[in-house]
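Down below is the structure, laid out as C-alpha cells.
2 protein chains.
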Amino acid sequence: MLTFQNFKKRTAPTLESVCRDLIRENKERISVKKEEVAVRNMTRILEAVFALNREKGFGAMSLRDLSRRSGLSMGALYSCFPGKEELRSMILRRGAAYTREVILDQAPACATPAERLETAIETHLYLSESLRPWFYFAYMEASSLPRRERRRAKEDELATEQIFLDILLEGVAGGSFHCADVELTAALIKAVLQDWYLKRWKYKRKGITVEGYARFVVEFVLSRLTGNA
Amino acid sequence: MLTFQNFKKRTAPTLESVCRDLIRENKERISVKKEEVAVRNMTRILEAVFALNREKGFGAMSLRDLSRRSGLSMGALYSCFPGKEELRSMILRRGAAYTREVILDQAPACATPAERLETAIETHLYLSESLRPWFYFAYMEASSLPRRERRRAKEDELATEQIFLDILLEGVAGGSFHCADVELTAALIKAVLQDWYLKRWKYKRKGITVEGYARFVVEFVLSRLTGNA
DNA sequence: GTCTATATACCGATAGAC
DNA sequence: GTCTATCGGTATATAGAC
Numbered sequence: 000m001l002t003f004q005n006f007k008k009r010t011a012p013t014l015e016s017v018c019r020d021l022i023r024e025n026k027e028r029i030s031v032k033k034e035e036v037a038v039r040n041m042t043r044i045l046e047a048v049f050a051l052n053r054e055k056g057f058g059a060m061s062l063r064d065l066s067r068r069s070g071l072s073m074g075a076l077y078s079c080f081p082g083k084e085e086l087r088s089m090i091l092r093r094g095a096a097y098t099r100e101v102i103l104d105q106a107p108a109c110a111t112p113a114e115r116l117e118t119a120i121e122t123h124l125y126l127s128e129s130l131r132p133w134f135y136f137a138y139m140e141a142s143s144l145p146r147r148e149r150r151r152a153k154e155d156e157l158a159t160e161q162i163f164l165d166i167l168l169e170g171v172a173g174g175s176f177h178c179a180d181v182e183l184t185a186a187l188i189k190a191v192l193q194d195w196y197l198k199r200w201k202y203k204r205k206g207i208t209v210e211g212y213a214r215f216v217v218e219f220v221l222s223r224l225t226g227n228a
Numbered sequence: 000m001l002t003f004q005n006f007k008k009r010t011a012p013t014l015e016s017v018c019r020d021l022i023r024e025n026k027e028r029i030s031v032k033k034e035e036v037a038v039r040n041m042t043r044i045l046e047a048v049f050a051l052n053r054e055k056g057f058g059a060m061s062l063r064d065l066s067r068r069s070g071l072s073m074g075a076l077y078s079c080f081p082g083k084e085e086l087r088s089m090i091l092r093r094g095a096a097y098t099r100e101v102i103l104d105q106a107p108a109c110a111t112p113a114e115r116l117e118t119a120i121e122t123h124l125y126l127s128e129s130l131r132p133w134f135y136f137a138y139m140e141a142s143s144l145p146r147r148e149r150r151r152a153k154e155d156e157l158a159t160e161q162i163f164l165d166i167l168l169e170g171v172a173g174g175s176f177h178c179a180d181v182e183l184t185a186a187l188i189k190a191v192l193q194d195w196y197l198k199r200w201k202y203k204r205k206g207i208t209v210e211g212y213a214r215f216v217v218e219f220v221l222s223r224l225t226g227n228a
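For the record, the sequence lines run as chains A and B.
Just so you know, we're using numbering that gives the first Met the number 0 here: the first sequence kicks off at 0 and counts up by one.
Just so you know, we're using numbering that gives the first Met the number 0 here: the second sequence kicks off at 0 and counts up by one.
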C-alpha cells in the first residue's frame with residue numbers, strides 16, 4: 000500500500016512546481032522574462048483563478064476579479080498570459096500532461112495486476128488531493144472549450160481510463176480477475192476517483208481521509224474482481 | 000426490472016411538463032399571465048439555456064446569446080423571468096424538487112432491499128436520461144450559487160444519497176446485504192449514477208444504452224453486497 | 001516589470017411604442 | 001405580450017508613465 004506521505008515525498012506535486020513547468024511550456028507567449036518572477040506571479044494567479052472558479056466559475060470571473068484577488072494589476076496579469084481564454088487553455092493543457100506523467104511514472108511492471116490496480120487508484124487519488132483545485136477546475140472547464148481543444152480534453156480523459164482498462168485486461172487474461180465488462184468497470188473506477196475531488200465537502204463532512212477513501216475503493220473493486228463468479 | 004419505456008410511460012418527464020410546474024411555482028415573479036404562452040416561451044428558453052450551458056457555461060452566457068438562441072427578444076425574456084440569477088435559481092430549485100418527487104414516488108414498500116435498490120438505480124438513471132441537459136446544468140451550476148442557496152443544493156444532494164443509504168441499511172439489518180461501509184457505498188452509487196449524464200459522450204461512443212448501464216451498475220453493486228465475506 | 005488610465009465593445013436591465 | 005432603443009456600468013485588452 001502506498002501512503003499519502005510517501006507519495007508526496009516521492010512526487011512532490013506542489014502548485015509552484017507545476018506552475019514552473021507551465022511557464023517553461025509557454026515561454027514565448029509570456030512577456031515576463033525572469034523565470035522566478037513569472038513563477039511567483041503565476042502561482043498567485045492560479046491560486047486566485049481556482050478560488051474564483053469555485054465561487055462563480057471561470058466564465059463568470061472577470062479579469063478585474065482576478066486582479067483584485069491575486070494582488071496584481073491588470074497590466075501585470077497581461078504580462079503573464081496573453082488573454083483569458085489562453086490562460087484557461089494553458090492550465091488545462093499542463094494539468095492533463097502532468098497527470099499523465101505522474102500516473103505513467105508509478106506502476107512497477109513486476110507487480111501483480113491487483114497490486115498495479117491498487118497503486119494506480121492510490122496514485123490518482125493522492126495526486127488529485129495534492130492539486131485538488133486544479134483538478135476541479137479542469138473538470139468544470141473542459142466542456143467550455145473550443146471544438147479542437149475539447150476534443151483533446153476528451154482524449155486525455157480516455158487516456159487515463161485506458162490505464163485502468165489495461166490493468167483490468169491483464170488481470171482477466173491472466174485469470175486473476177473475473178469481470179464481464181472491463182470497459183464499464185474502468186469507467187466506474189474513473190467516476191469514483193473523480194467524485195473525490197469534485198465532492199470533497201461531502202467526504203470532509205463524513206470525516207473520510209484520502210487514504211480511507213483509497214482503501215474503500217480498492218477493496219470494493221477488488222472484491223468484485225476477485226470474488227465469486 | 001424496470002424498462003426505460005415503462006418508466007417514460009408512467010412518469011412522462013418531458014421538458015415541457017417540468018416547465019409548466021416551474022411556471023406555476025414562480026407565477027408571481029413572471030409578468031406573462033397566460034400559462035400556455037409562458038410554458039411555450041420558458042420551454043424554448045430552457046432549451047437555449049441548456050445548449051449554451053454546454054457550450055460556454057451559464058456564467059459566460061449573456062442574455063443576448065440567450066435571446067438569439069431562443070428566438071425571443073430581450074423584452075420577452077424579461078417577461079418570463081426576473082433576471083439572470085433568478086432564472087438559474089428557478090431552474091435548480093424545480094429540478095431538485097422534481098427529482099425528489101419522482102424518486103420517492105417509485106419504490107414499492109413490499110419489495111426486498113435488493114429489488115428496491117435496483118428500482119432506485121433504474122429510476123434515477125432513466126430520469127436523468129429523460130432530462131439530461133437539466134441534470135447536467137444542475138450539476139455544473141450548483142457550486143456557483145450564493146451561500147444560502149448552495150447550502151440547500153448540498154442538502155438536496157445528500158437527500159438523494161440518503162435514499163440509497165436507507166435501502167442499504169435495511170438490507171444490512173435484514174441480513175441480505177453484507178457491507179462494511181454503507182455511507183461510502185451510497186456515495187459510490189451516487190457518483191456512478193451522475194457519471195451517466197455528465198459523461199454521456201463517453202458511453203455513447205462505447206455504444207452503451209441507459210438500460211445497459213443500469214444493468215451493469217445493479218449487477219456490480221449487488222454482487223458486492225450479496226457476495227462473499 | 002508594474003502601475004494607472006483609457007479605448008472600445010458588450011453586459012444586464014428597463015422604457016415605451018405597438 | 002413582444003418588440004426596439006437605450007440606460008449606466010463593466011468587460012477584455014492595450015498604451016504609456018515610471
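Built from N, CA and C at the ideal position, the CB exists for glycine as well.
Note that the coordinates shown come from a computational prediction; the quantities given were computed from them, not determined experimentally.
> Hey, is A:Leu91's beta-carbon within less than 8 Å of any beta-carbon in chain B?
Replying inline: Taking the first residue of the first sequence as position 1, residue 91 of chain A is located at position 92. Judged by the 8 Å Cβ criterion, A:Leu91 is not in contact with chain B.
>> Please confirm whether A:Phe219 has its beta-carbon closer than 8 Å to some beta-carbon of chain B.
In response: The residue given as residue 219 of chain A occupies position 220 in the first sequence. Chain B, which has a Cβ nearer than 8 Å to the Cβ of A:Phe219, makes this yes.
> For a contact meaning CB atoms closer than 8 Å, what does A:Trp200 contact in chain B?
Replying inline: Taking the first residue of the first sequence as position 1, residue 200 of chain A is located at position 201. By Cβ distance, chain B contributes Lys153.
> Mind checking whether B:Ala137 and A:Ser143 have CB atoms under 8 Å apart?
Replying inline: Residue numbering aside, residue 137 of chain B sits at position 138 when the second sequence is read from its first letter. Residue numbering aside, residue 143 of chain A sits at position 144 when the first sequence is read from its first letter. No. Outside cutoff.
> I think A:Ile44 touches A:Ser69, with their Cβ atoms under 8 Å apart; what is that distance to the nearest whole Å?
Replying inline: Counting from 1 along the first sequence, the entry for residue 44 of chain A is found at position 45. Counting from 1 along the first sequence, the entry for residue 69 of chain A is found at position 70. Indeed, because the Cβ distance is near 5 Å, the residues count as touching under 8 Å.
> Would A:Pro213 count as contacting chain B if we go by Cβ distances under 8 Å?
Replying inline: The count along the first sequence starts at 1 and reaches residue 213 of chain A at position 214. In the sequence on display, residue 213 of chain A carries Ala and not Pro. Output row for A:Ala213: interface = no.
>> Does chain B have any CB closer than 8 Å to the CB of A:Glu236?
In response: Any question about residue 236 of chain A goes unanswered here, given that chain A covers just 0 to 228.
> Could you check where the alpha helix (DSSP H) with B:Ala172 kicks off and where it finishes?
Replying inline: Along the second sequence, read from residue 1 onward, the residue named residue 172 of chain B stands at position 173. Where B:Ala172 is concerned, the enclosing alpha helix (DSSP H) stretches over Arg146 to Gly173.
> Using 8 Å as the limit for Cβ to Cβ distance, is B:Val191 near chain A?
Replying inline: In the second sequence, counting from the first residue as 1, residue 191 of chain B sits at position 192. Residue-level contact by beta carbon holds for B:Val191 and chain A, with a gap shorter than 8 Å.
>> Threshold first: 4 residues or longer. Then list the alpha helix (DSSP H) segments lying entirely within the stretch 76-140 of chain B, N to C.
In response: Correct list: 83-103, 112-129 and 131-140.
> Listing by chain order, which chain B residues have their CB less than 7 Å from the CB of A:Lys205?
Replying inline: One-based indexing of the first sequence puts residue 205 of chain A at position 206. In chain order: Glu182.
>> Which residue marks the beginning of the alpha helix (DSSP H) containing A:Ser66, and which one marks its end?
In response: As a position in the first sequence, residue 66 of chain A is number 67, starting the count at 1. It spans Leu62 to Ser69 - the alpha helix (DSSP H) in which A:Ser66 sits, taken as one unbroken run.
> Between B:Trp133 and B:Phe49, is the Cβ-Cβ spacing less than 8 Å?
Replying inline: Locating residue 133 of chain B in the second sequence gives position 134, where the first residue counts as 1. Locating residue 49 of chain B in the second sequence gives position 50, where the first residue counts as 1. Remark: C-beta atoms of B:Trp133 and B:Phe49 approach each other more closely than 8 Å.
> Buried or exposed: which applies to A:Asn5, given that a residue is buried once 16 or more other Cβ atoms fall within 10 Å of its Cβ?
Replying inline: As a working note, residue 5 of chain A is residue 6 in the first sequence. Exposed, by the Cβ-count rule.
> What residue does the alpha helix (DSSP H) around B:Ser143 start on, and which one ends it?
Replying inline: Residue numbering aside, residue 143 of chain B sits at position 144 when the second sequence is read from its first letter. Careful: B:Ser143 lies outside any alpha helix (DSSP H) and carries neither H nor E.
>> In the DSSP assignment, the alpha helix (DSSP H) including B:Val36 goes from what residue to what residue?
In response: In the second sequence, counting from the first residue as 1, residue 36 of chain B sits at position 37. Per DSSP, B:Val36 is one residue of the alpha helix (DSSP H) stretching across Glu34 to Lys55.
>> Am I right that A:Arg93 and A:Asp20 are in contact with their C-beta atoms under 8 Å? What's the rounded C-beta distance?
In response: As a first step, residue 93 of chain A is located in the first sequence; it is residue number 94 there, counting from the start. As a first step, residue 20 of chain A is located in the first sequence; it is residue number 21 there, counting from the start. Taking 8 Å as the upper bound for CB-CB distance, A:Arg93 and A:Asp20 are in contact here, some 6 Å apart.
>> Under 8 Å, Cβ to Cβ, is there at least one residue of chain A near B:Asp64?
In response: Counting from 1 along the second sequence, the entry for residue 64 of chain B is found at position 65. Between B:Asp64 and chain A, the shortest Cβ-Cβ separation is not below 8 Å.
>> Please list, in chain order, the chain A residues whose beta carbon lies closer than 7 Å to that of B:Gly170.
In response: Locating residue 170 of chain B in the second sequence gives position 171, counting from the first residue. Neighbours of B:Gly170 on chain A: none; closest Cβ ~16 Å, over 7 Å.
>> For A:Leu124 and A:Gly206, I'd like the C-alpha separation in whole angstroms.
In response: Working through the first sequence from its first residue, we reach residue 124 of chain A at position 125. Working through the first sequence from its first residue, we reach residue 206 of chain A at position 207. Roughly 16 Å between the two C-alpha positions.
>> Taking its Cβ as the centre, do 16 or more other Cβ atoms sit within 10 Å of B:Arg87, making it buried, or is it exposed?
In response: Looking up residue 87 of chain B in the second sequence gives position 88. Around the beta-carbon of B:Arg87, 16 or more other beta-carbon atoms lie within 10 Å, marking it buried.
>> Give me, in chain order, the residues of the same chain whose beta-carbon lies closer than 8 Å to that of A:Arg53; leave out the 5 immediate sequence neighbours on both sides.
In response: On the first sequence, position 54 is the one that residue 53 of chain A refers to. Cβ within range, chain order: Pro132 and Tyr135.
> Does the stretch 210-224 of chain B come within contact of the stretch 180-195 of chain A, defined as at least 3 CB pairs closer than 8 Å?
Replying inline: The stretch 210-224 of chain B is in contact with the stretch 180-195 of chain A.
> Could you give the distance in angstroms between the alpha-carbon of B:Val17 and the alpha-carbon of B:Phe163?
Replying inline: In the second sequence, residue 17 of chain B corresponds to position 18, counting from 1. In the second sequence, residue 163 of chain B corresponds to position 164, counting from 1. Answer to the nearest angstrom: the Cα atoms are 24 Å apart.
> A:Ala137 versus chain B: which residues are under 7 Å apart at the beta carbon?
Replying inline: To locate residue 137 of chain A, count along the first sequence from 1; it is residue 138. Against chain B, the beta carbon of A:Ala137 has no neighbour under 7 Å; the closest one sits roughly 14 Å away.
>> Tell me which residue opens and which closes the alpha helix (DSSP H) that B:Lys198 is part of.
In response: Position 199 of the second sequence, counting from 1, holds the residue named residue 198 of chain B. No alpha helix (DSSP H) holds B:Lys198; DSSP gives it neither H nor E.
> For B:Arg223 versus A:Arg223, is the C-beta distance shorter than 8 Å?
Replying inline: Counted from its first residue, the second sequence places residue 223 of chain B at position 224. Counted from its first residue, the first sequence places residue 223 of chain A at position 224. It is a contact, given that the beta carbons lie within the stated cut-off.
> Along the stretch 71-85 of chain B, what residues have a CB closer than 8 Å to any CB found in chain A?
Replying inline: Going along the stretch 71-85 of chain B in chain order, one finds no residue with a Cβ nearer than 8 Å to chain A.
> Is the beta carbon of A:Lys189 sitting closer than 8 Å to the one on A:Glu154?
Replying inline: Numbered from its first residue, the first sequence carries residue 189 of chain A at position 190. Numbered from its first residue, the first sequence carries residue 154 of chain A at position 155. 8 Å or more divides the Cβ of A:Lys189 from the Cβ of A:Glu154.
> Leaving out the 5 sequence neighbours to the left and right, which residues in its chain are closer than 8 Å to B:Lys7 when beta-carbon positions are compared?
Replying inline: In the second sequence, the residue the question calls residue 7 of chain B occupies position 8. Cβ neighbours of B:Lys7 beyond the five flanking positions: Tyr125 and Ser129.
>> With a threshold of 8 Å between beta carbons, is B:Asp194 in contact with chain A?
In response: Here residue 194 of chain B refers to the residue found at position 195 when the second sequence is read from its first residue. Judged by the 8 Å Cβ criterion, B:Asp194 is in contact with chain A.
> Which bits of chain B does A:Ala119 rub up against, with CB to CB less than 8 Å?
Replying inline: Numbered from its first residue, the first sequence carries residue 119 of chain A at position 120. Here the premise fails: no neighbours, minimum Cβ distance about 17 Å.
>> Against chain A, does B:Ala110 count as a neighbour if the rule is that its beta carbon must be under 8 Å from one of theirs?
In response: Residue numbering aside, residue 110 of chain B sits at position 111 when the second sequence is read from its first letter. At a cut-off of 8 Å between beta-carbon atoms, B:Ala110 makes no contact with chain A.
> Is it right to say A:Arg63 is buried, meaning 16 or more other beta carbons lie within 10 angstroms of its own, or is it exposed?
Replying inline: The residue you call residue 63 of chain A lines up with position 64 of the first sequence. Exposed is the label assigned to A:Arg63, since fewer than 16 other Cβ atoms lie within 10 Å of its Cβ.
>> Can you give me the C-alpha to C-alpha distance between A:Cys109 and B:Leu167, rounded to a whole angstrom?
In response: Within the first sequence, numbered from 1, the residue matching residue 109 of chain A stands at position 110. Within the second sequence, numbered from 1, the residue matching residue 167 of chain B stands at position 168. Here the alpha carbon of A:Cys109 sits roughly 39 Å from the alpha carbon of B:Leu167.
> Taking 8 Å as the CB-CB limit, is A:Ser143 close to chain B?
Replying inline: Looking up residue 143 of chain A in the first sequence gives position 144. A:Ser143 counts as touching chain B.
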